[in-house]
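These notes are about the structure you will find just below.
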Amino acid sequence: MSQRNIAEVKDLEVRFYTYSGVVEALDGVNLAIKEGEILGLVGETGCGKSVTSLSVMMLVPPPGKIEGGKILFDKQGKKEDILTMDDNSLRGLRGKNIAMIFQEPRAYLNPVYTVEDQIAEVILVHRRMELLKKAVDTLEKKHKGKTFECGNYRRMLKNPKSLITRLIAKFGSNRTFNNEAKKEVVQVLKSVEIPDPERVAQMYPHELSGGMAQRTLIAMALSCNPTLLIADEPTTNLDVTVQAQILNLIRGLKQSFKSSILYITHDLGVVAQLCDRVAVMYAGNIIETADVFELFNSPLHPYARALLESIPRPGKPFTSIPGFVPSLVNPPKGCRFNDRCSYAMEVCRRVKPVFLKAKEEHYVACFLYGGSE
Amino acid sequence: MSQLLELRDLKKHFPIYGGVLKRKVASVKAVDGVSLSVTKGECFGLVGESGCGKTTLGKTVLRLLKPDAGNIFFDVPRDIVSEIDALGKKDPKSRRLRRLREQYDVATYGGRDLQFLRRKMQIVYQDPTTSLDPRMLVKDIVAEPLMAQGVAKGEEAKKMVMEILGRVGMTDRALYRFPHEFSGGQRQRIAIARALVSRPEFVILDEPTSAVDVSVRAQLLNLFADLQKEFGLTYMFISHDLGIVECISHRVAIMYVGKLVEYSSTEEIFRRPLHPYSQALIASFPVPDPNQRKERAPLKGEVPSPVNPPVGCRFHPRCPMAMDICKRKEPELANAGNEHYVACFAVNQESDK
Chain A
105 MSQRNIAEVK DLEVRFYTYS GVVEALDGVN LAIKEGEILG LVGETGCGKS VTSLSVMMLV
165 PPPGKIEGGK ILFDKQGKKE DILTMDDNSL RGLRGKNIAM IFQEPRAYLN PVYTVEDQIA
225 EVILVHRRME LLKKAVDTLE KKHKGKTFEC GNYRRMLKNP KSLITRLIAK FGSNRTFNNE
285 AKKEVVQVLK SVEIPDPERV AQMYPHELSG GMAQRTLIAM ALSCNPTLLI ADEPTTNLDV
345 TVQAQILNLI RGLKQSFKSS ILYITHDLGV VAQLCDRVAV MYAGNIIETA DVFELFNSPL
405 HPYARALLES IPRPGKPFTS IPGFVPSLVN PPKGCRFNDR CSYAMEVCRR VKPVFLKAKE
465 EHYVACFLYG GSE
Chain B
18 MSQLLELRDL KKHFPIYGGV LKRKVASVKA VDGVSLSVTK GECFGLVGES GCGKTTLGKT
78 VLRLLKPDAG NIFFDVPRDI VSEIDALGKK DPKSRRLRRL REQYDVATYG GRDLQFLRRK
138 MQIVYQDPTT SLDPRMLVKD IVAEPLMAQG VAKGEEAKKM VMEILGRVGM TDRALYRFPH
198 EFSGGQRQRI AIARALVSRP EFVILDEPTS AVDVSVRAQL LNLFADLQKE FGLTYMFISH
258 DLGIVECISH RVAIMYVGKL VEYSSTEEIF RRPLHPYSQA LIASFPVPDP NQRKERAPLK
318 GEVPSPVNPP VGCRFHPRCP MAMDICKRKE PELANAGNEH YVACFAVNQE SDK
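Line by line, the protein sequences are chains A and B.
Using the numbering used here, the first residue of the first sequence is number 105, and each one after it goes up by one.
Using the numbering used here, the first residue of the second sequence is number 18, and each one after it goes up by one.
So, in structure tokens, the structure goes:
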């Protein structure tokens, strides 16, 4: 496969400066998301999955700091480092090129605005020009474009940044323009298979069920047709039958919108059902990436193997990983898994293993598979 | 095999008050007529989606909630259960029935009786961060049931606490610490120790592993299995994770909006689910194997509200096999052969023929 990489995370380091010490949340994370694929990011609680995804959006909350590495994002064939962007270009990127879905949908919807208002906001910010053109078209069809409103829109299209057009946009009558946005909202709601989208658009978040709220959030994320969609445990709080519906939806969206998806989860079942490729994380490191079939059939890293074996299967005794996830304030030296690993060698306690190619499209960070000091 | 727990048509409705006078306007029918029996020494799995009433059922069995109707028999001889059943049908107002129920039916218990009962029945909750008092030391948390039930105190209680903590895999160092000093898995162990310290016979496990990570989950499940063997415990395992239930339970009941739709042995349920809801639920479960991908969501729509459940079979608006009768009559649990109970007209008709 020689697909283009949509986003590349290189040697990313994130630290949180807390009162109880410096938490080394990410310690040199390497990740590449290819065009049109669903990449699963798996790991236990606190291993840095969410921090990785927030870094891609430059949204790491204080006291966290991104302290090293690069995040290259492919923007129309041109690779740009997100970490060096200024606020203005970041604002253009977030929501438009990279969108995100969160775990707790109702916590991310504003309770005092209707669904329509909230989705329209995204569209009005990022797809202004497109909407203006559409509004002009409708007015031309209706009144042959001779109204005052249409003139305003034309002026906005021609010179969007001048003071006078900005004033008109803010204080003038923009009814047709706003109506276009509302039409767009209904379209987006329809694409995430919400029944009766016109009615749902007028609802407030508390009127929606969990599944519907999650669909709304997905609709919001998709409203600008992003190149990269980050889904941070979007089905964890949902029921199995609703989860199956949402997974199906995401699968369909990958085909219809052609977005790449970074799917973060701790549920290996969901990964097996949905993802094309998987990256396994442990204590701030990515320890293995491989094709989903490859990973489930022949995992290499001892942690990945133990994780897959800890899935309960009928007729087999439960196997667990001995010990606990290490504290990231004082992580173990060398390989961070060494104190729980049954294959640990002397070198593992001293040197951090590098990420090496073990097979075609299968990378692993472990001394068992080569690499030396 | 003797029955440890029997439920007969158990109901728990929560009133909703509204209007100017704050009168009762409706009720949430959380548990609406559940009958089942749990055999001594087994692990009984209770599965369902959120809001279907699994936890309410568990709490009602423990009498943390007072049921609105129905009987709960805990460790009652068979002949008395059948006498109460017979009297209930024949002569529901008889004095004999009232006397018997006061003596044997947990649903009517109060005060002292409940205190004795809880020595034998305990519960482990879903989230140990909220079920353990943050301002109590672990030694006090675990000793509390002993004090409350008057089993032991002082040195004796401390000895029992240390013994049970050792049994669930905690060291004596834990005694003088607070719950926040432990990880999620360890906290859940403390909660288990608290439930087991008074040596109960029956333990309700209310989603005990849904708040912990995959690797810790396996440790806890192993612990449950070991403790069951060692103390001869009977479990009621409430969960929405079908993967775990399939591994740990001997028998499984599937609940939907306050009612049981199907119950049978684990083998039967997972190999040969009969009720369309069970089939959909099992099909929706994401199997951790990329070779078994399911590309279609088997079920449309969402769980109806238990305030106004659909008339007739509660599943009929989402059911692919819904018939005319499903919209009018509520199906009863009936044996479809091989101790496999299903509440569905489509299935029961076939087995009648």
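Glycine included, C-beta positions come from ideal geometry on N, C-alpha and C.
In chain B, which residues lie less than 9 Å from residue i when you measure between Cβ atoms?
| i | result |
| --- | --- |
| phenylalanine 397 (chain A) | Pro307, Asn308 |
| phenylalanine 400 (chain A) | Pro305, Asp306, Pro307, Asn308 |
| phenylalanine 275 (chain A) | Simply none; closest approach about 43 Å. |
Using the beta-carbon of each residue, which ones in chain A are nearer than 7 Å to residue i?
| i | result |
| --- | --- |
| glutamate 319 (chain B) | Ser313, Gly315, Val346 |
Per DSSP, residue i is paired with what?
| i | result |
| --- | --- |
| threonine 73 (chain B) | DSSP output for threonine 73 (chain B) lists no bridge partner at all. |
| isoleucine 142 (chain A) | A:Ile365 |
| methionine 13 (chain B) | The structure shown does not extend to residue 13 (chain B), since chain B is modelled only from 18 to 370, so the question has no answer here. |
| glycine 62 (chain A) | In this structure chain A extends from 105 to 477, so residue 62 (chain A) is not present and cannot be described. |
| histidine 466 (chain A) | A:Lys463 |
| glycine 35 (chain B) | B:Arg40 |
| threonine 393 (chain A) | A:Ala383, A:Tyr467 |
| methionine 161 (chain A) | Per DSSP, none; premise fails for methionine 161 (chain A). |
| threonine 56 (chain B) | B:Gln20 |
| methionine 138 (chain B) | B:Phe219 |
| glutamate 174 (chain A) | Note that residue 174 (chain A) is lysine in the sequence shown here, rather than glutamate. Per DSSP, A:Lys114. |
| alanine 91 (chain B) | Contrary to the premise, residue 91 (chain B) reads as phenylalanine rather than alanine in this sequence. B:Leu22. |
| isoleucine 137 (chain A) | A:Ala111 |
| aspartate 49 (chain B) | B:Lys28 |
| lysine 183 (chain A) | A:Asp178 |
| tyrosine 280 (chain B) | B:Ala270, B:Tyr358 |
| aspartate 371 (chain A) | Answer by DSSP bridge pairing: none, since aspartate 371 (chain A) is not bridged. |
| valine 127 (chain A) | A:Phe120 |
| glycine 62 (chain B) | B:Phe254, B:Val269 |
| aspartate 122 (chain B) | B:Phe90 |
| isoleucine 352 (chain B) | The question names isoleucine, yet the displayed sequence has asparagine at residue 352 (chain B). Answer by DSSP bridge pairing, in chain order: B:Tyr358. |
Give the C-beta separation of residue i and residue j to the nearest angstrom, bearing in mind that I take them to be a contact with Cβ-Cβ under 8 Å.
| i | j | result |
| --- | --- | --- |
| glutamate 284 (chain A) | alanine 239 (chain A) | 5 Å |
| leucine 21 (chain B) | aspartate 122 (chain B) | Between aspartate 122 (chain B) and leucine 21 (chain B) the Cβ distance is about 15 Å, and since that is not below 8 Å, they are no contact. |
| histidine 405 (chain A) | valine 384 (chain A) | 7 Å |
| alanine 335 (chain A) | tyrosine 367 (chain A) | 5 Å |
| aspartate 102 (chain B) | histidine 30 (chain B) | Not really, about 23 Å apart at Cβ, beyond 8 Å. |
| lysine 346 (chain B) | glycine 329 (chain B) | 6 Å |
| valine 113 (chain A) | alanine 129 (chain A) | That belief does not hold up - the Cβ atoms of valine 113 (chain A) and alanine 129 (chain A) are roughly 14 Å apart, past 8 Å. |
| alanine 124 (chain B) | glycine 87 (chain B) | 6 Å |
| isoleucine 261 (chain B) | proline 416 (chain A) | 5 Å |
| arginine 66 (chain B) | valine 304 (chain B) | The question names arginine, but residue 66 (chain B) is glutamate in the sequence shown. Wrong, their Cβ atoms sit about 18 Å apart, outside the cutoff. |
| alanine 174 (chain B) | alanine 160 (chain B) | 5 Å |
Applying a beta-carbon distance threshold of less than 8 Å, which residues of chain B neighbour residue i?
| i | result |
| --- | --- |
| lysine 414 (chain A) | The question names lysine, yet the displayed sequence has serine at residue 414 (chain A). The contacting residues are Val231, Ser232, Arg234, Ala235. |
| leucine 411 (chain A) | Val231, Ser232 |
| glutamine 377 (chain A) | Pro303, Val304, Pro307, Arg310, Lys311 |
Between residue i and chain D, is there a C-beta pair that is closer than 8 Å?
| i | result |
| --- | --- |
| asparagine 239 (chain B) | Absent from the structure: chain D. Protein chains present are A and B. |
At a CB-CB cut-off below 7 Å, which residues of chain B make contact with residue i?
| i | result |
| --- | --- |
| isoleucine 425 (chain A) | Ser232 |
| proline 418 (chain A) | Glu263, Cys264 |
| phenylalanine 441 (chain A) | Under the 7 Å cutoff, chain B gives no residues; its nearest Cβ is about 12 Å from phenylalanine 441 (chain A). |
Which residues of chain A have a Cβ atom closer than 8 Å to the Cβ of residue i, listed in chain order?
| i | result |
| --- | --- |
| alanine 297 (chain B) | Thr345 |
Give the residues of chain A in contact with residue i, contact being defined as C-beta atoms less than 9 Å apart.
| i | result |
| --- | --- |
| glycine 260 (chain B) | Gly373, Ile415, Pro416, Arg417, Pro418 |
| histidine 257 (chain B) | Asp343, Val344 |
| valine 278 (chain B) | Within 9 Å Cβ-Cβ: nothing; valine 278 (chain B) doesn't reach chain A, min ~13 Å. |
| serine 200 (chain B) | Phe428, Val429 |
Counting only runs of 4+ residues fully inside the segment 280-361 of chain A, write out the alpha helix (DSSP H) ranges in chain order.
Counting whole runs of 4 or more residues, the segment 280-361 of chain A contains the alpha helix (DSSP H) stretches 301-305, 314-326, 344-361.
Check each residue of the segment 351-373 of chain A: if its Cβ is closer than 9 Å to any Cβ of chain B, include it; give the result in chain order.
Only those residues of the segment 351-373 of chain A whose C-beta falls short of 9 Å from the nearest C-beta of chain B are listed: Leu351, Asn352, Leu353, Arg355, His370, Asp371, Leu372, Gly373.
Taking the runs of the alpha helix (DSSP H) that are 4 residues or longer, which of them lie wholly in the segment 192-255 of chain A?
Under the rule that a run must span 4 or more residues, the alpha helix (DSSP H) segments found entirely inside the segment 192-255 of chain A read 209-212, 219-230, 232-247.
With 7 Å as the limit, tell me which residues of the segment 134-166 of chain A have their beta carbon closer than that to any beta carbon of chain B; keep them in chain order.
So the close ones are Glu148, Thr149.
If we require 4 or more residues per run, which alpha helix (DSSP H) segments fall completely within the segment 211-275 of chain B?
Taking only runs of at least 4 residues, the alpha helix (DSSP H) segments lying wholly in the segment 211-275 of chain B are 231-248, 259-265.
Could you give the uninterrupted runs of the alpha helix (DSSP H) lying entirely in the segment 390-464 of chain A, keeping only those of 4 residues or more?
Secondary structure remark: continuous alpha helix (DSSP H) runs of at least 4 residues inside the segment 390-464 of chain A, in chain order: 396-401, 406-413.
Can you pull out the residues from the segment 445-475 of chain A whose beta carbon lies closer than 7 Å to at least one beta carbon of chain B?
If the cut-off is 7 Å between Cβ atoms, the segment 445-475 of chain A has nothing near chain B.
Closer than 7 Å between beta carbons: that is the criterion. Which residues of the segment 36-70 of chain B meet it against chain A?
Those would be Glu66, Ser67, in chain order.
Chain A contacts made by the segment 313-347 of chain B, where a contact means CB separation under 9 Å
From the segment 313-347 of chain B, only Arg313, Ala314, Pro315, Leu316, Lys317, Gly318, Glu319, Val320, Arg335 have a Cβ closer than 9 Å to chain A.
Entirely within the segment 151-193 of chain B and at least 4 residues each: give me those alpha helix (DSSP H) ranges in chain order.
Within the segment 151-193 of chain B, the complete alpha helix (DSSP H) runs of at least 4 residues are 155-165, 171-184.
For the segment 278-290 of chain A, which residues have a beta carbon sitting closer than 7 Å to at least one beta carbon of chain B?
Against chain B - using a Cβ distance shorter than 7 Å - the segment 278-290 of chain A contributes no residues.
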